[in-house]
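Convert by adding 52 to the 1-based position in the sequence shown; the result is the number in our numbering. Here's the structure, in C-alpha cells; my notes come after.
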Amino acid sequence: KRRWEMARLLFQNAHIRLTTPEAFEVHRRNIEWGVQFSEDRLPEYALGADYVTRKVMRWALASWSRVTFLNRFFAGTWLPRLQMDLLTALRCGAHFAIVSDRPVTSVEDFIAGGRATQRFWLEATRQNLQFQPEMTPVIFSRYVLNGTPFTQVETEQALAERLAQRLGEVLGEDDNPQGRVYMGRVGFGPVPTSRSIRSPLETLTTTAGE
Numbered sequence: 053k054r055r056w057e058m059a060r061l062l063f064q065n066a067h068i069r070l071t072t073p074e075a076f077e078v079h080r081r082n083i084e085w086g087v088q089f090s091e092d093r094l095p096e097y098a099l100g101a102d103y104v105t106r107k108v109m110r111w112a113l114a115s116w117s118r119v120t121f122l123n124r125f126f127a128g129t130w131l132p133r134l135q136m137d138l139l140t141a142l143r144c145g146a147h148f149a150i151v152s153d154r155p156v157t158s159v160e161d162f163i164a165g166g167r168a169t170q171r172f173w174l175e176a177t178r179q180n181l182q183f184q185p186e187m188t189p190v191i192f193s194r195y196v197l198n199g200t201p202f203t204q205v206e207t208e209q210a211l212a213e214r215l216a217q218r219l220g221e222v223l224g225e226d227d228n229p230q231g232r233v234y235m236g237r238v239g240f241g242p243v244p245t246s247r248s249i250r251s252p253l254e255t256l257t258t259t260a261g262e
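Next up, the structure:
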C-alpha cells in the first residue's frame, strides 16, 4: 500500500513538472540531447524513457506552445509520467528520504545535507544498489512550506499544496517538513550506461589573480 501511495504521489507531482512554463524552461535548459554523457546537464539517454517518448519530448521542448498542444490534445503527460515516475516507483526495491532533525535553511545546512546524501549514495553503490532521485515532491513542497508561489498556473499551484500535505502523510511520523533533504529510490539492476559526469578538474579550479 505505501509503495502505491508513493508511486501515486510521484505521478501527480510529475504533472506539475510537465505542465508549468517555469518547469518547461528548466527542462529545456538542462537536458542535453543526443549524448550518452554530459558534464553539465542531463544526457538524453539517462531520462529513463523509451525511444519514441524521448523523440516526442525533444520535439515538444523546442517551444512552450508545442508542450501545451500535446498536453491539450494528446494527453502529453501520460507517457512520460508512466515510464519515468509511476512504473519505476512500483518496480524499485525501496524508496528513501533523507530528513534532518532540524530545519535546513543555511548554506551550511545544505552542504551537510549534501554530505549525508553522498554517504548514502556511496554505501548504496558498495551494496551493488542502483540509486535514482525522486526530488519533485521535495522541491515543490519546500516552495509550499515557505509560502513561495512558483508557477503562474493556479491549478498546479493548488495541486502542489495538496501534494505537500500528502507527502507528510506518506513519510509518516519521522518526517520533518522543513528538514527534508533528498528523496530517491534504490534497487538492484544493471549499471547505467548513460549519466551526468564530473566536469574536468581544470574547469573547477582557479589560480591566484584570476
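Quick reminder that beta carbons are idealized off the backbone N, C-alpha and C, glycines included. Computed from a predicted model, the values in this text were never measured in an experiment.
As computed with DSSP, residue 110 is found in no beta bridge at all. In summary, residue 242 is exposed, with fewer than 16 beta-carbon neighbours lying within 10 Å of its beta-carbon over all protein chains present. Beta bridge pairing from DSSP links residue 94 with 83. For residue 191, no beta strand (DSSP E) run applies; the uninterrupted alpha helix (DSSP H) run containing it begins and ends at 188 to 197, by DSSP. For residue 182, the enclosing beta strand (DSSP E) starts and ends at 182 to 185. Looking from the CA of residue 127, the closest CA among 112, 140 and 238 belongs to 112. Under the three-state reduction of DSSP output, residue 154 falls in the coil class, being neither helix nor strand.
The beta-carbon separation of residue 238 and residue 176, rounded to 5 Å, stays under the 8 Å limit for a contact. Residue environment: residue 204 is assigned as exposed (fewer than 16 neighbouring CB atoms within 10 Å of its CB, all protein chains considered). Here residue 147 is bridged, per DSSP, to 237. Spatial neighbours of residue 131 in its own chain (CB-CB distance under 7 Å, excluding positions within 5 residues in sequence) are listed in chain order as 105. Contact check for residue 226 against residue 151 passes: the beta carbons are separated by less than 8 Å. For residue 246, the secondary structure class from DSSP, reduced to helix, strand or coil, is coil. For residue 136, there is no enclosing alpha helix (DSSP H), as DSSP gives it neither H nor E. Taking the CA atoms as reference points, residue 135 sits about 22 Å from residue 73.
Between residue 94 and residue 186, the CB-CB gap reaches or exceeds 8 Å.
If you check the CB distance, residue 87 and residue 96 come in under 8 Å.
Non-local beta-carbon contacts of residue 202 in its own chain, meaning distances under 6 Å to residues more than five positions away in sequence, involve 195 in chain order.
According to DSSP, residue pairing for residue 89 in a beta bridge involves 247.
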